[in-house]
Every structure is written in C-alpha cells, then in structure tokens.
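Chains as they are written, first to last, in the working numbering: chain A, 27 to 379; chain B, 27 to 379; chain C, 27 to 379; chain D, 27 to 379; chain E, 27 to 379. For reference, the structure discussed in these notes is given below.
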C-alpha cells in the first residue's frame, strides 16, 4: 500500500483530467480485445489499437471491448475522442486507488470496483472499471496476470445461459456479477481459517494463535473496505435511477445487491467471531498464567515456615535446650509434618490449590 | 457452516438463474403436499409431481402447496413454467444460505426466512421460503425431519380459529406468524440458561462459566442474525406497500411486526446481560487471584526477617558475643515474637491482611 | 422474568386473537370501576360486569372505565362485542410482556406502557393499557396491589386542576402523564444511590462496591427498556397524527414528550456515571494491589542478599579465614547495615518504596 | 443534583400547569427590570411588579423585561394574564431542570438554555429562559448572584454595535449569543487544564493524575449535556421555520449555530484527548510496575542458587569431603562468582534486566 | 491550541460582526496580489490596498484576489464596502479557528477550509477562506510562510491544463482541489510511519513504540477533524444546490468529493490499523512479562524444597541419625538430584517451563 500512496502524491500539482497511471507496475504487456456477439453472431479478436474497434453500436449485437493493463495512457486517451468518455473518468480508470463507486454521466454509466487475486498466501485486489453505454461495454482490468472475465467469455463462446439472448445491459450485469461471485470464494477461505483458529484457541492457545487472529482480522477488514462501498453501487442500480438499465436486467441487479448484503453480513459475522476469539484467547491465557502463579505461590508458602524452623535450630547459641533433647529432631520432624498437612488442608479448603 | 460455504463456491461461474441446491444434504425424501380449504371444503393430499397440483386459483378456496426438501431441482423448475415464478426466485429457494428478505414481483410476493430446529443440544436453522400469489400459497421447507407448519395444518383440519373464514393472504400471514412464534420458544430457553449462569457467576465462577457465557453469546448472535433482517420484512408488509395484502390481514401483520421488535428487544437485553456477566466474571476472578496473591505475599513477608535472624545466628564466627549469652536464645525468640506481632499489627492496620 | 417467558411459549400454536393472560399471577380479585364526570356531574362506582357500563358516549361528560387485574379473560372479550375493540388489542392487553407502543385503529387509540411499583427493595413493572375512543377512556392495570391512577381519581373527585373542564382526550393525557411522573420518582431514588456509591468508591472501595455498581447498572438498563420506547409513543401523539387528539391537549402531550426526553437524558447520564465509576473502582483497586505487591517485593529484595551473607558464613568449611577474625562478625554486621542503607536509598530514589 | 431531583418528585401528583419553583434555593431577592430602547430612546429601570411593565408593544422601540430569581411564583403567574404566556411555559420556567429546547407557540417563541457560572473551583449551570414575542423580549434568570446579560445591557446603554438599530428579534439573538459565547470561555479553561494534565501524565503520572482525568471527563460530559441540545435549538432558528424571525437576523442565528457546532467539536476533541490520556496513563503505570517487578524478580532469582549452595555447605553431615578441602571455601566463592556472572549475562542477553 | 482558545475568549463580549484576528500571530507582512487572466490575457501584480483591485467583473477574464496574512483587519473591512461581503463573513475569515464550512449568501459563496503545512516534524494547519462571486475569486490565507496556491499560479502563468479556458467557478474549484490534494501527501507520510511502527511492534516492541502509536493516533485524529467536515462542503457543491456553479464544473467538484471520501476512508483505515497495533503491542508486552515471571517463578520453586532440605541438615540437634551415616551426604545429594529432575519433568510436561 505504501507504494500506491507514494505514487498518488506524484500526481499532486498536475491539472485535473491528466491521465496518469497510479498503482503498482504490473508485469506484462497491455492487451486489447473486442467481442461482438448476439443471437446469431460471435466474433472475438485481439486488436492492437482503439481505432480498430467498431465506432458505432450494432443494433443486433453487443460490443464488448476489454483492456488488460493500464500503463498505456495514450490508448486510454483515445476513448475520450472516439467514444466521448469524460477525461475525469479516464483519470479515475488509470488511478487505481479508487473506492468502488458508480457515476451516471447521462449517456453512459461508469463503475469502479475491485477484483480479487490470490498472491502467494495473501489476497490482493486489482481495480476493474466498467463503462456501459448504448450497445457497448468497456472493461478495464488493472492486472495482467489474471483475466477476471474468463467465465463470461466462455459463456458467450458456447452460448451458455441467457447471455447471448439479452441486451447489452445484461453483459454489464454479468461482468459485475462475476466479480461479486469471486468475493464469496475468498470469504469462504477466510471462514475456514477462522474455524481452524477457533479450535486452536480452545485446545492449545499460543502467541501464534493471537497473531493469526490479528492477521485474519486484517484480512476481513481488507475485504470489508472493498465490499462495503459496493452496497451503494448495487443499491443505485437496483433502484433503477438510471434509464440505461432495462427492467428485466434490474431484477438481476437486485440479486447482485442481495449478494452484496449477504457478503457484508458474512464479514460482520466474521468480525464478531474474531473479536470473540480474541477475548477467549486473552482470558484463557491470563487464566492459565494466574493458575500457575497461584499454584507456585501456594507451594512456596508451605515451605516458608518449614525453612524458618530448620533455620531456627541451625543457630549456634550455646544454650538451646531443645537441641539436647534426645528426640528433639523427631519431634520437630513430626511438628513440621503436621504443619504441612494443616496448611495443605487449609489451602485446599479455600480452593487455592 | 463451513459446509454451506464450501458449497456456495461450487456455483460460482454458472449463469444466474441456475437452480442448484446449496446447503447441507438433509437425509430423507422430498415430499410434496396440496391442501385446498375454504369455508365448506377441506382437501389434503400428498402428490408426486407439480403437474398434479391445481393450475388455476379457486375463487372459493385457498390452495396451499407445501414442499419439504429442496434437492429435487427439476421439481422446482416446474414452478417457473406452471406458475410463472422467476428463475432467480427458484435459485434463491434452492440456495439455502439466503438472508431473510421479501421481494415483490408484482403478481406475487416472495419471502425467505429461517425456521429453527433443535439438534442435540444446539439450535440449527433451516431456510423456509414462501410465495403468495392470488389464490395460492407455496411453501418450501429445507429440512425433511421437521414440519414447521404442523400447527397450521391442524388448525385447518379442525377449522380452529379464523383461518378457514379468511382470504388466501391470511394463510400467508399464519405461516409467517407460526415461524416467528417459534423464535420466542428458543429465546426463552436461552434466557433460562443465562439466568442459571448468572447464579453460577455469582456463587462459584470457574473457567467453565466463562465458556458458557461465550457459548450463550454465540447463540444469541446466531438468533440475532436470523431475526434482525425480519424487521425489514415485516415492516414492509405492515406498511402495506403491496396490493396483494388486504387491510384486514395488515392489522395481523402489524402484530407480527410487533413480535419481531419484541424479539429484537429480548436479544439486545440478553446481549447486555451477557456482556455484564462477562464483566462480573472477570472482575470476580481477578479480585480473587489478587486477594490470594496478596495474602500469600504478606505471609511470606512476615517470615523474611525472621529467617534472616535465625540465619544470622547460624553463622560460625568464632567471636559472636550473643551466642554465649545464657538466655541469648530466649531473648531472640522473644524479639522475633514481638517483631511478628508488630508486623501483623501493621499489615492489619493497612488492611493488607 | 423467566416466569413471563415460560408462559409466553404456552401460547405458541394458538390462533392469533386468542386472549390468554400471560404474566405473573397477581394475587387478589379483578375489579372494575366506572367514573362519569364533567363540569356538573361526578359519579364513581364499582361494577361487576362490563354490561353494567354505559354503552354510548355522553356528550356532556367523560366516561372512564378502569379494570385492575387481567386474569378474567371473559370480561376482556366483552370489550370486543360492546365497544368494537379489535381481538388483537385484547390479546395484547392480556399478554403483559408488551413493549410500550401506540396504535391508531381509526376510531380509537390503543396505548401500552409500563407502570412502576416498588417491591421490597427492587423496582417492578406492570403493564398498563389505555384505550381512548370518542367519549370513553378504558384503562387496564395488570397489578392488583397498587392503583396507578389514585391521584387522577382524587383530582376528579375534588375537581382540582383543569381536568373536569376539559374534553375526554385530556383524561387520556392525564393518565399517561401520571405514569410518566412516576418514572421521575424511581430514577431519583437510583440517582441518590449512585451518589452514595460514588463516595464509597472514592473512600473505601470493596468488592461490594462493584456489585452495587453492577446492580445499579442493571436497574438503569431496566428503566431504559421501559422508557426508551415511550419516546416514539409520545412523539406520535405530539406530532398530532391522530385526529382524535385536540390541539389544546396536544400542547400538554408535547410537555409529556419533553419529560420523556428528559428521563432518557437522565438515564444516559446515569449510565455514563456508572461506567465512569466502574472504571474508577477498577483502577483504584488495581492500583492498590500493585502498590502493596511492589512494597512487599521491595522489602523482600532487601533481605535477599543479607540472608545470602549470613548463610555464607554458616558454612562448615574447615578453612574460612574470615571466621577466625576477631571482629569478623562486627565487620559483617557493619557491611550488612551499609548494604541495607544503600539499597533503601537506591529504591527510594527510584520511587519504588 | 440530588437536591434538584428530590425536589422534582415534590411536584408529582399536582395537576399540569402548576407553577412550582424546582431547583436549588438561590440566596437573595427576586429583581425585575425593564429596558426600553430604540434609535432615539433609552430607558432602564427596576420595577416592583409586572403590572408596572408596559402592556403593549412600542412600534419604535424594543421592550426587554428581565427577571432574576424564580422563587416568586405569583409574579410568574402574572405573565399568563398580562402577556398570554401559556401556563405550561411558566411551569417550565420555574422548573429549573429543563433540557435546552425551543418551542414555537405561534405568537411567541419560548427558549430554554443554561448559563454557566463559576462556583469556587467548579462550573455550575443556571437555567435561563427567553420569550420573544412581537416587540417584547422576556428573560428569566435562575440565579441571583450573576447577571448573564450585563454585556448586552452595556451595549444598549452606550449604543455600541448594531443592537439599537435593529428589530426586537435581534435582541433575542443577542441574548442567546452572549450565553453561547460564555461556553467558549469555560471550555477554554478546561482545555488548558487538559494540556497541563497531558504533560503530567507524560512526565510524572500518579493516582492524582488519573483522578484529574476522571474529573475533567466529568466536566466535559457536563458541558456536553448542556451544549448538545443547543444544536437542535439553533438549527431550528437558523432554518427559519418561525415567521417571528426576520431574514436579517437569521444570518446572525446561523452564526450562533456555527458556534454551537464548533463547541460540540471542541467537546468531542476533548473527550478523545481525555480518553487517549487515560489509556497512556494506564499503560505507563502498568509498564512501570511490570518493570519494577521484573527487575526485582530477576535479582531475587540470581540469589536463589547461591543461597542454596551456602546452605548446602552449612549442613552438619559428618562426612562431607569438600568441607575438609583446604581451598574448598575459595573454590566455592569462585564458582558462585562465575555462576552469578553467567546468570547476569544470560538475563541481560534475554533483555530481562 | 491553548493559544488559539485563549484568544477566542478575548472577543467574547464584543458585538457580532466585529472583525478581530484570532489565532497565532504569524511572522511576516500581509501581502495582497491580483491575478487577471483569460484566454488572451494574463496580468499578475502585487498591490498595496484593496482600492487598487478592480471593482467590477470583467466578462472576458477571471479576477483572483489573494491575501496572505490576516492581521490587517482594516484591509479586510474594505471588502464589505467594496464587494458587499457580509460583516459576519469577514469576522469568520479573521477568526482562524473555524470549522470547514460552506455558506451560500445568494450572490456569493463563502468557503472555509484548512491548508496543511509541515512545521519541524509535525503537521500544522492554517485557515484558508475562499469567496467566489460572479467574475471574482477572493482567497484569504492565514499563514505568511507558505503560498498554498503556488501550483495554480504556475498553471495560469504557463496556461497549463484547462484553467485559462474555463469560467471563474473553475478557478474556485481548482483552489479547493489543490488544498484537498495536499491532504493526500500528508496522509501518505503518516501511512508510511504507521508501517514502520508496525514492523517495530512485531520485532522489538518498547514503550517508545506505544508512544509512537499514540502520537500517530493524535495526528490521524487531527487530520480527521480537518477532513471530516469537508465531506459536507463538497457534497453541497456536488449536489449543485448553488446556481453559481456551472454544470461543467460540477463534474469536477464531484471528483473532489470523491477524493474527500477516499481521504476519510484512508483515515478510518489508519485508525483501525493503529487500534489494532495498540492491541498487538499490549498483548505482546503483557505476554512477554508473563513468560518471564512464570519462568522465574518456576525456577525459584525448584530450589525451594532443595534449600529446605539443606537447611534441615544444617540443624544442630545432638541426635540426628542421618548426620552420622557415612554416605548420608551423598544420599541426600542423590535425592536432591532426583527431586530436581522430577520437578523439571513435571513442569515441562505441564508446559510451565
């Protein structure tokens, strides 16, 4: 994150609307692909420049233009001239530290959200931007290593589901839906780890357990930051405030909204579970330490008077009558045995042992 | 829960509207039953397929179709063709990790909520879906082992209460009401256990008490997750935003809404009680440990100077005048008695003992 | 409370609108009284059945029917036939675990609230229901041992205040106002005990203090649960959403609303005071224990090297030169004195003593 | 506060609208003064009864009637007959435990707020009520010892600022503004003490510091209770919902509203600072205690094996070969030195010392 | 801050609208500059008095008047006469403890916000006020040492970006935007320090770490106080409630609003991170102390019975049979070795060592 932020300040001072790529440099080359499909047509090809993409909508078919990689800012600029996308929108697409949001520009909808990617053993997020305008959907993926829409591409290719029979806004919905579906997968992985840690906290808590709890909490907070703002985005779409969305698709968008609410529910449940776990861990550990200390202190206390007595009869006074008693030693041993028994009885009765 | 979630991700990648049963596999066979009743008629029979159920509403009577078990997805699909239920609704019915919600599809209302079931010594929840359309009520129960509506069935059979004299929406209300009534029962059981733990925490707190408190807290949170979203559901029905609900039934729905508010109130009270109990437990335990440690430390402190003195006169210096005093030993014993008395007096006065 | 709840579940399974008395069985007999009063008339009598009460309103006078005790469900049922009270309302009246609420049934207002009663040394609450319809006020008191409206009865008897010159809704307001006034009294008692505990926590904190704080907290929470929902009730009345309330009386209802806000304010203040007290108590206690432990540890530490030295010269080696020095003993005593002084100085300087 | 509350219950049972002075008995005599001023006129005089005050508004001038002391309830009653003030308003004026509020009675505005007064070393609050009606402002001050409006009086006397050129509502605003200005002064004093305590907590924390933090917290809560409700009051005035306020004055009332928001901001900042301070204090203290205990325990632990060894060679067995070694004593001394060195090295390396 | 507040009370008692400079005295001289620019014109000059600035708007160009330093209250007063700025606005400009806010005076917009400045190693804030009226933008900067708008000045000078082609409201937007951009820079610095402290807390926590956490928390709270109120300010502008803002500029203001939301998001994330860090620190430290204490107590406990035994055989009783056994000493040594081994085994098994 430090990296992102450091880059953000590189831009301060530049006039607004300046398209500068802010974010981690992703390895690999920017790719541009066009998919034109409908009930009768299916055309999928990789192109080299925006100029090769169709300029006007096709009443029969849906045109989907997908870009992976955002470092080629010149390519982004061409969307302003060719498709009338506002410079600020392009600035937001390139600046990959956006909060998920939706903006209605009248003739087109602009949506920013975050796709998830597993990296070694932690989850990373990439910015994904969608623009939906009459007949077109543009998608901009930050990362180069993973295509977040491969499932959709296959559904189009093999004409699975309703996708090819629907209008353009259904593609827009489908892309959004596939990203939200990805959130479930990640949350389920976190959920399973929480359950493992739960067992560990009950049976064998250690400092490692606490670190795990903290790490899981951080991950849940990370997911929360990504998913919370989605609530407003899908609520906006579901309310049907934009004329660009047909009523048929709105029912599906309501479904996505439900999923987002469900995700938020899961996240809040996880947070509560983790907070409960942390409490259990802390009270278990503190209980254990207290028990040990108490036990040891009680044991120590039993020996204190005994050692005093032995020390007493180790003194070198010339006249100490007990020392010359024949069975003095055995009397003392007996007394000490009685004393010890008495103390053990007393401490047991008080439940200190 | 891990099981549910693992299954949820099986579905990701499938087109929306695909009806896949997500949830625990419940043992037993799917059953389908039809109840047709009115002022003059009462017909109850188990059927084998959806095709055997009446297709059109009966102006005199109410038709209630109940399904127990959701694993037969083909049977579910038939509701789409025969009764015009949207594919997304059927998807939600089969996917049993829904959050309670109500959706108005214009010609019918779709309601999802969760019924409770005791399993060994913990509470489990099952998804129950209701669809109410003109003349029909469809109910879908996830579990096979318990019929959540047996009370309603009996009331119809023996024409008890107003049920048989009312319109279809009253059946819809009655089914909803009977589920909400079940929540009270479960909460009362939890409430009684809280009171038992309360007594335990006051008289004889142990680590077990704390575990009980945590476990009760988890159960209350579980109930809360189920009941909280019901608030919106019943508020929607009570506000009368749907034309499908008659004014007469709305007064009864207001009553259900009141019950839900009351349940939420109970839950919040329980949470506060449990949080207070946890505080009392922790301060009692910490107080007890402190008292023991303090007592033992004070006792130990009394012996420290005594043992020093005995050790002093155990030294082997050739010239130690006190050792040759005739009553040296008794003088020392006296001095130690005075010292001990002094220290006990001092510590008592300072309230350390 | 366990008692209430156990009874609640007795009802589950019964059709809605079934009037069942839920709550503690109150000792004593149900009483029914009628008061008819106006500028010129005053008639107060105890009656035996609802049939003896006037059926139609009296344009000159106000008719107030008061019932103490709710166990006679048959008597309650007669209000449905005679005065058109909805069965659900009667169910709510008999079920005495209602949350305070107001419901507008068009021709009458139904209000549930809780009156307070001192029982030995704790506060108990009883359900009080009010129905106001044109010309009539019905009041239903759960308890038999205390008449919550004795003050109002006297004001009518001796024509004190404006009561006899006002319309029926003013009686409705007066009954509500007298209950809310009772809350102040109880809160003041709690407030005084908080101040006493505050002094105790500062001067002589003990585990008893903490228990008192917890007990007071529970009482404040109890009051809060009763008074919070009143806010909505009085806000509804004050906003004048019901046509049954005249503008003149609304100004008085605004006053009641103000009192409820003031009560909530007091409750929140008490909660903050108690939470602050609990913090002070805990830090005082922990501070005291720490001081004692620290003092004792320091004292013990001073003796540790001294006892080592004495033990050293108690060894029985044949050749230990110091033992044969003539003033070896006195040199050691001197050295130990210097060592002790040095340690005391060091610990004092470090503020450990 | 106990005093106030005890008095509040004296009133319960009395009919509403009964004007009873509730609050601390303030020493001194009730005073009544009239100020009539305008562009050309300035007349200020003390009067003995309400009857001496002008009854009708003066189109050229503003009439300000100020009362200090509320114990003369008869005098208050005369405002009902002479100026049409509602009995409930007079009841609220006399009952000095009101929450700040504004009420619009159509022909006049009634405002209750609290003025601050330093008493020895703590802040006390007095109720101040303002009534603004066409041409008149009535102000009622609870306390007798301090005139909260002396600044305004001087501005009128010496025609400073815009006051004498403005309408009556500007006087109403000015009185409100002068009270709110007084809040800043008090908060600044608290702010300075917080900074002092902050330094103390960093350099030399003691139990006194914690008590100071708690006391400051109580004071901030006290201010918060007084200032929070003012937000609604000034928001109401600023929104211009009352026709009695001219647009010109409304701009000034927006300014007062801003001040109240700023005060609330300061209070929240102070609360956060105090809560942070309390955390710092507690962790500093606990850190210090831990360090001392750890140090002492480590020191004690070093001596434990040494004392064991000396005790070992203090045994009186007849045959202990080491005792007869010529340099046995010196070998042991050497061994103990090495052991001590080793332990110190080990503990230092582990950072325990 | 104490300084500010002390000065605030200097003003209390003065009539409203009195322009008094409240805040720290900034070193240096007040400067006044005029910038007139448009598509064809660019004129930038320092002037000495407000009278030298153009009085009327220039339809072709934008006039920007900038003041650095607020101590010359006479100069401020001239804006009232010359440009019709309300006295209360000027009072707010001079009183530099304002909360960020926007006020619409019909013909002009008044905006107060806070610019950031690094001072040695902490962040300080200065008040910046903007007034935008037809054709004019007035900016008032509190500080003299830093020009917050140097970037904008350069963009105008070298006609970079769209600034010179846009209307006056675009300058207003640009000034606001440049301040908000500055917030990112400061937050990034804080973010980097948080990450450093995070590493420190994991590897080598000390009291210094905790102090750093508290200090960072204070800084984040400081930023939060500055940025939170900006949310309302930019939301107001973005909603387009003022007619003074053109639709074109509104899109840019929505962008600023997004940035503010993003900043608030960052702040909340930082707070959560710091709170998590504080928890980790405290549990790490407490864990470490507990481990040390436990280890030392266990070690001490092992020696307690050993020392008792040696002390036992150091007694001087005349008849102690063991003492005269030939191998008594070696038997005891062996027994003590076995005992020690047993205890070490027991404690290891119980995981106490």
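Ideal placement from N, C-alpha and C gives every residue a C-beta, glycine not left out. Quick caveat, the model's predicted, so the values are computed rather than measured.
Nearest neighbour of residue 134 of chain E by Cα position, chosen from E:322, E:106, E:149, turns out to be E:106.
A direct Cα-to-Cα measurement between residue 50 of chain A and residue 130 of chain E gives close to 42 Å. With a beta-carbon spacing of about 5 Å, residue 92 of chain B and residue 165 of chain B fall inside the 8 Å limit used to define contacts. The beta-carbon of residue 337 of chain C is placed less than 8 Å from the nearest beta-carbon of chain B. Residue 374 of chain D counts as exposed, since fewer than 16 other C-beta atoms from the protein chains shown sit within 10 angstroms of its C-beta.
Contact of residue 188 of chain D with chain E is assigned, a C-beta pair being separated by under 8 Å.
For the set E:159, E:195, E:186, the Cα lying nearest the Cα of residue 81 of chain E is the one of E:159. Taken atom to atom, the span from the alpha-carbon of residue 339 of chain E to that of residue 368 of chain D is near 29 Å.
By the Cβ test, the segment 176 to 186 of chain D is not in contact with the segment 230 to 247 of chain D, since fewer than three Cβ pairs between them sit closer than 8 Å. Counting along the chain, the unbroken alpha helix (DSSP H) around residue 99 of chain D starts and ends at 99 to 109. Under the Cβ criterion of 8 Å, residue 333 of chain D is counted among the residues facing chain C. When the alpha-carbon of residue 48 of chain C is set against those of C:218, C:62, C:96, the nearest one is in C:96. Secondary structure of residue 254 of chain A (DSSP, three-state): helix. Nearest Cα to residue 139 of chain B within the set B:118, B:59, B:55, B:278: B:118. Taking CB atoms only, residue 309 of chain A has a neighbour in chain B less than 8 Å away.
Straight-line spacing of the CA atoms in residue 173 of chain C and residue 219 of chain B works out to 35 Å. Sequence-distant partners of residue 61 of chain A (beyond 5 residues in either direction) whose C-beta falls short of 6 Å from its own C-beta, in its chain, are 70, 90. Counting along the chain, residue 159 of chain E sits inside the beta strand (DSSP E) bounded by residues 148 to 159.
Neighbours of residue 181 of chain B in chain C, taken as residues at a C-beta separation under 8 Å, are given in chain order as 41. Apart from sequence neighbours up to five positions away, the residues of its chain that approach residue 300 of chain E with a beta-carbon distance below 7 Å are 220, 239, 242, 243, 246, ordered along the chain.
Within chain C, the residues 284, 287, 288, 291 have their CB atoms less than 8 Å from the CB of residue 125 of chain D, given in chain order. Interface annotation, residue 247 of chain A: in contact with chain E, CB-CB separation under 8 Å. Residue 125 of chain D is classed as buried because its beta carbon has at least 16 other beta carbons within 10 Å across all chains shown. For residue 315 of chain A, the C-beta contacts it makes with chain E under 7 Å involve 316, 320, in order along the chain.
Under the three-state reduction of DSSP output, residue 141 of chain A falls in the strand class.
Chain B places no beta carbon closer than 8 Å to that of residue 165 of chain C, leaving this residue out of the contacts. Here residue 296 of chain B is buried. Its C-beta has 16 or more other C-beta atoms within 10 Å. Interface residue (Cβ-Cβ distance to chain B less than 8 Å): residue 110 of chain C is not classified as such.
Proximity of chain E to residue 350 of chain A at the Cβ level (cut-off 7 Å) is accounted for by 344, in chain order.
Proximity of chain E to residue 306 of chain D at the Cβ level (cut-off 7 Å) is accounted for by 240, in chain order. Residues of chain C whose Cβ lies closer than 9 Å to the Cβ of residue 375 of chain D do not exist, since the nearest Cβ in that chain is about 22 Å away. For the 8 Å CB-CB criterion, residue 303 of chain E and residue 215 of chain E do not form a contact. Counting every other CB atom within 10 Å of its CB across the protein chains shown gives residue 113 of chain D a total of 16 or more, marking it as buried. Residue state for residue 230 of chain A is assigned as coil, using DSSP reduced to three classes.
In the structure shown, the three-state DSSP call for residue 130 of chain A is strand. At a cut-off of 8 Å between beta-carbon atoms, residue 219 of chain C makes no contact with chain B.
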